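What follows is a short report on a single structure.
Numbering (my numbering), first residue to last: 4 to 431.
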């Protein structure tokens, strides 16, 4: 195999001209023939028994060219990329310039390469100090959350529905006198004041008594996800089956004993404060790092190839698809609800994708400029931690996997680069 590499007129783009010897291409043709011979049915021969020359004569000599090309081109391209130490960030645009039995196979591949960021000022970057203080309201909010979590639900028999109650209702919705899909339920628990229903619905349930039936008139919001219902007037036939109410425990020493390892409410509050202070420190640290990186990137010059952006937005879309699956939703369903396409979402993700790529390229440039390294000891410690988390402590293949070690190495050097930037920043 022979490979010529030349830069195109476009930034961060190369053109590879790859030549594969005729003998190797002919061998690929034979290999493809033996794989597919059983499918050929030629008069005068048993199915799959016609010689290659006969098959070529019957179907045309080009019959095996495409499969033979696919058989050897990918491997040759990967070898050429490796030999020339290229970091490819896009799918190749392939153009076959010569393909014929008995001749060298020649094709070109145009691909985008990973760019290097040109650093501007990255030491002494000025940013505002970020800090969060724990207030009494924060502690009370957490206590109320614990109180809600430990509440019990009691049934109300002697009064009508009030705000804060849980009304168990049957309902069916109608638009223009016709029931609509998804507008009917039985035994639905609705917390009054939660604003989980159509605006105005919950307010009209207030005052209803057990076993009472009522027509509730509402209007769907103009931005409602269902276009068929958006902005329409609707009538819901509602029946209250049961009225319930949350009963909250007293926030006293007994409560502290029940929900924690502490004997007093004062000790519980002190523990909540300590935990929130730690969370705030982590939040401030993360936001400080983000602010420094963002400020550094404003001084960075780099032309990001479209292939990198495309890959990044595709990955972001896959992440979103996974998150939706945890909620029992498919991406197609979500897009339909939002009235968008995958291309629309990618377009929306693009600014965030560019920002993320630029940050990574800037950090890589700083790692190179400052000669930041990860020691074998640091990599081994992180690898052991990762192996423990994944239950692979005794998996030798995992522990010696170079790809895993390189991934860990990149993570460590990136963390060190971020720490370097923060230490050298002017925080006011």
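Ideal Cβ placement from N, Cα and C applies to all residues, glycine included.
Every value quoted in this text rests on a predicted model; they were computed, and no experiment measured them.
Checklist entry - Comparing alpha-carbon positions, which option in 110, 140, 43, 35 lies nearest residue 5? => result If you number the chain shown from 1, residue 5 lands on position 2. Closest option to residue 5, Cα to Cα, is 110.
Checklist entry - Nearest to residue 324 by CA position, among 349, 235, 307, is which residue? => result The count along the chain shown starts at 1 and reaches residue 324 at position 321. Closest option to residue 324, Cα to Cα, is 349.
Checklist entry - DSSP three-state call for residue 5: helix, strand or coil? => result Taking the first residue of the chain shown as 1, we reach residue 5 at position 2. DSSP, read as helix, strand or coil, puts residue 5 in strand.
Item to check | beta strand (DSSP E) segment containing residue 128, residue limits | outcome: The count along the chain shown starts at 1 and reaches residue 128 at position 125. Note, residue 128: premise wrong, no beta strand (DSSP E); not H, not E.
Item to check | Distance CB(residue 79)-CB(residue 23) smaller than 8 Å | outcome: Locating residue 79 in the chain shown gives position 76, where the first residue counts as 1. Locating residue 23 in the chain shown gives position 20, where the first residue counts as 1. Yes, the Cβ-Cβ distance between residue 79 and residue 23 is below 8 Å.
Checklist entry - With respect to the alpha helix (DSSP H) encompassing residue 324, which residues constitute its N-terminal and C-terminal limits? => result Here the question's residue 324 lines up with position 321 in the chain shown. Looking at the DSSP string, the run of the alpha helix (DSSP H) that includes residue 324 is 309-329.
Next on the checklist: Give me, in chain order, the residues of the same chain whose beta-carbon lies closer than 6 Å to that of residue 319; leave out the 5 immediate sequence neighbours on both sides.
Outcome noted: For the purposes of this step, residue 319 is taken as residue 316 along the chain shown, with counting starting at 1. The residues are 352.
Checklist entry - Since residue 241 is in the alpha helix (DSSP H), which residue starts that stretch and which ends it? => result The residue you call residue 241 lines up with position 238 of the chain shown. Element bounds for residue 241: not the alpha helix (DSSP H) but the beta strand (DSSP E), 236-250.
Next on the checklist: Three or more C-beta pairs under 8 Å: does that hold for the segment 239-256 against the segment 159-178?
Outcome noted: Output reads yes: the segment 159-178 touches the segment 239-256.
Item to check | Cβ-Cβ distance between residue 362 and residue 312 below 8 Å | outcome: Taking the first residue of the chain shown as 1, we reach residue 362 at position 359. Taking the first residue of the chain shown as 1, we reach residue 312 at position 309. Not in contact: residue 362 and residue 312 (Cβ atoms no closer than 8 Å).
Checklist entry - Where do the ends of the beta strand (DSSP E) carrying residue 221 lie? => result Taking the first residue of the chain shown as position 1, residue 221 is located at position 218. DSSP places residue 221 inside the beta strand (DSSP E), whose first and last residues are 216-222.
Next on the checklist: If we require 4 or more residues per run, which alpha helix (DSSP H) segments fall completely within the segment 7-50?
Outcome noted: Correct list: 25-39.
Checklist entry - Hey, does residue 72 have any beta-carbon neighbour from chain B nearer than 8 Å? => result Of the protein chains in the structure, only one exists, and it is not chain B.
Checklist entry - With respect to the alpha helix (DSSP H) encompassing residue 416, which residues constitute its N-terminal and C-terminal limits? => result Residue numbering aside, residue 416 sits at position 413 when the chain shown is read from its first letter. Segment 405-426, the alpha helix (DSSP H) holding residue 416.
Checklist entry - residue 94 by DSSP, collapsed to three states: which one? => result If you number the chain shown from 1, residue 94 lands on position 91. DSSP places residue 94 outside both helix and strand once states are collapsed to three, so it counts as coil.
Item to check | Alpha-carbon to alpha-carbon, residue 355 and residue 339 | outcome: The sequence position of residue 339 within the chain shown is 336, counting from 1. The sequence position of residue 355 within the chain shown is 352, counting from 1. Taking the straight line joining both Cα atoms gives about 23 Å.
Item to check | Alpha carbon of residue 154 to alpha carbon of residue 250, nearest angstrom | outcome: Residue mapping note: residue 154 aligns to position 151 of the chain shown, counting from 1. Residue mapping note: residue 250 aligns to position 247 of the chain shown, counting from 1. Cα-Cα distance, rounded: 6 Å.
Checklist entry - According to the neighbour-count rule (16 or more other Cβ atoms, all chains shown, within 10 Å of its Cβ), is residue 157 buried or exposed? => result Position 154 of the chain shown, counted from the first residue, corresponds to residue 157. With fewer than 16 other Cβ atoms inside 10 Å of its own Cβ, residue 157 counts as exposed.
Checklist entry - Can we say the segment 87-96 touches the segment 261-281, given the rule of at least three CB pairs closer than 8 Å? => result Taking 8 Å as the limit for Cβ pairs, the verdict is that the segment 261-281 does not touch the segment 87-96.
Checklist entry - With 16 other CB atoms within 10 Å as the buried threshold, where does residue 329 fall? => result As a first step, residue 329 is located in the chain shown; it is residue number 326 there, counting from the start. Counting the other Cβ atoms within 10 Å of the Cβ of residue 329 gives fewer than 16, which makes it exposed.
Item to check | Span separating the alpha-carbon of residue 102 from that of residue 86 | outcome: For the purposes of this step, residue 102 is identified with residue 99 of the chain shown, where counting begins at 1. For the purposes of this step, residue 86 is identified with residue 83 of the chain shown, where counting begins at 1. For residue 102 and residue 86, the distance between alpha carbons rounds to 24 Å.
Next on the checklist: Can you look up residue 208 in the DSSP assignment and give me helix, strand or coil?
Outcome noted: Locating residue 208 in the chain shown gives position 205, counting from the first residue. Assigned with DSSP and collapsed to three states, residue 208 falls in helix.
Checklist entry - Distance, Cα to Cα, residue 67 vs residue 61? => result The residue you call residue 67 lines up with position 64 of the chain shown. The residue you call residue 61 lines up with position 58 of the chain shown. Roughly 12 Å between the two C-alpha positions.
Next on the checklist: I need the DSSP call for residue 151, collapsed to helix, strand or coil.
Outcome noted: Looking up residue 151 in the chain shown gives position 148. When DSSP states are grouped into helix, strand and coil, residue 151 belongs to the helix group.
Next on the checklist: Which residue wins for smallest C-alpha separation from residue 176, given the options 306, 220, 165, 140?
Outcome noted: Along the chain shown, one-based indexing puts residue 176 at 173. It is 220 whose Cα lies nearest to the Cα of residue 176.
Checklist entry - By a C-beta neighbour count over all protein chains shown, 10 Å radius and 16 as the cutoff for buried, is residue 332 buried or exposed? => result Translated into the one-based positions of the chain shown, residue 332 becomes position 329. By the neighbour-count rule (16 or more Cβ atoms within 10 Å), residue 332 is not buried but exposed.
Item to check | residue 191 versus 162, 247, 149, 322, residue with shortest Cα-Cα distance | outcome: Counted from its first residue, the chain shown places residue 191 at position 188. Taking only the C-alpha atoms, the option nearest residue 191 is 247.
Item to check | Range covered by the beta strand (DSSP E) that runs through residue 379 | outcome: As a position in the chain shown, residue 379 is number 376, starting the count at 1. From DSSP, residue 379 is part of no beta strand (DSSP E) but of the alpha helix (DSSP H) over 379-392.
Next on the checklist: Given this structure, state the Cα-to-Cα distance separating residue 393 from residue 402, to the nearest angstrom.
Outcome noted: Here residue 393 refers to the residue found at position 390 when the chain shown is read from its first residue. Here residue 402 refers to the residue found at position 399 when the chain shown is read from its first residue. Taking the straight line from one Cα to the other gives about 12 Å.
Checklist entry - On the three-pair Cβ rule with 8 Å, is the segment 203-219 touching the segment 129-144? => result In short, these stretches do not touch, since the Cβ pair count stays below three.
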